[in-house]
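Engineer: Right, I'll just put the structure down here and ask away after.
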Amino acid sequence: MCGRFALYADKSMLELFLGISLFPGFSARYNLAPSQSCLFIKGETGGNLSPSNLSWGLIPAWAKDNSRAGKMINARAETITEKPSFKSAFNKRRGVIPANGFYEWKTTGKSKKPFFISPKDQSLLGFGGIWESNTHLGEETIETFSIITTAANQDMNELHERMP
747 MCGRFALYAD KSMLELFLGI SLFPGFSARY NLAPSQSCLF IKGETGGNLS PSNLSWGLIP
807 AWAKDNSRAG KMINARAETI TEKPSFKSAF NKRRGVIPAN GFYEWKTTGK SKKPFFISPK
867 DQSLLGFGGI WESNTHLGEE TIETFSIITT AANQDMNELH ERMP
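Under my numbering, residues 747 to 910 are what the sequence shown spells out, in order.
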């Protein structure tokens, strides 16, 4: 499970990596947590990319209240097309979450130790994601996302059985 991540690359590096201009006011974030807003790159029709500021924790378009807010932070790649909460978003609203790395905790006895997983060469990662737009929760449209996860590879499996 990916429950925290960081995006601290400077704006010019991100724009070069993504090949698009970002919105004004973008700032580095070292400990992004569920329910917080962050940079999400929407895949638009025709292959265009659109930078957006979305809240982490998908709320389905059909949800009538925000009781799910901040809870659906990850979507399993293996079941994403079967789950009603994710199916429509996967079919129509995909994107990428840029990151410098993510955190996982290893439990040893009664203590938990955090590990920051990032590329050795300090390059950026792009987590696959899905997003939703909900108009049932009030006057404003709320846009939220989930990170798509898969089974951990051999290197990650020591810390956690899932990874973005």
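For each residue, glycine too, the CB sits at the ideal point set by N, CA and C.
Note down the Cα distance separating residue 719 from residue 806, rounded to an integer number of angstroms.
Structural biologist: Absent from the model: residue 719. The displayed extent of the chain is 747 to 910, so no value can be given.
Engineer: Quick one: what does DSSP say residue 793 is sitting in, helix, strand or coil?
Structural biologist: Taking the first residue of the sequence shown as position 1, residue 793 is located at position 47. Correct three-state label for residue 793: helix.
Engineer: Go to residue 897, then tell me how far its alpha helix (DSSP H) extends in each direction, as first and last residue.
Structural biologist: Walking along the sequence shown from the start, residue 897 turns up at place 151. Segment 888-897 is the beta strand (DSSP E) holding residue 897; no alpha helix (DSSP H) there.
Engineer: Whose C-alpha, out of 867, 766, 802 and 763, is nearest the C-alpha of residue 781?
Structural biologist: Numbered from 1 along the sequence shown, position 35 holds the residue referred to as residue 781. It is 802 whose Cα lies nearest to the Cα of residue 781.
Engineer: Between which two residues does the alpha helix (DSSP H) harbouring residue 910 extend?
Structural biologist: In the sequence shown, counting from the first residue as 1, residue 910 sits at position 164. Counting along the chain, residue 910 falls outside any alpha helix (DSSP H), and DSSP gives it neither H nor E.
Engineer: Give the C-beta separation of residue 943 and residue 786 to the nearest angstrom, bearing in mind that I take them to be a contact with Cβ-Cβ under 8 Å.
Structural biologist: Nothing can be reported for residue 943: it is not among the residues displayed for the chain, which extend from 747 to 910.
Engineer: Can you find the residues in the same chain that come closer than 6 Å, C-beta to C-beta, to residue 826, ignoring five residues on each side of it along the sequence?
Structural biologist: Position 80 of the sequence shown holds residue 826. Only 832 and 836 meet the Cβ criterion.
Engineer: What's the C-alpha gap between residue 758 and residue 895?
Structural biologist: By 1-based counting over the sequence shown, the position of residue 758 is 12. By 1-based counting over the sequence shown, the position of residue 895 is 149. Their backbone Cα atoms lie some 28 Å apart in a straight line.
Engineer: Output needed for residue 750: all residues of its chain with C-beta closer than 7 Å, excluding positions within five of it in sequence on either side, in chain order.
Structural biologist: Here residue 750 is taken as the residue at index 4 of the sequence shown, counted from 1. Excluding positions up to five away in sequence, the list reads 777, 778, 779, 848 and 849.
Engineer: Less than 8 Å between the C-beta atoms of residue 846 and residue 752, yes or no?
Structural biologist: Translated into the one-based positions of the sequence shown, residue 846 becomes position 100. Translated into the one-based positions of the sequence shown, residue 752 becomes position 6. Contact check for residue 846 against residue 752 passes: the beta carbons are separated by less than 8 Å.
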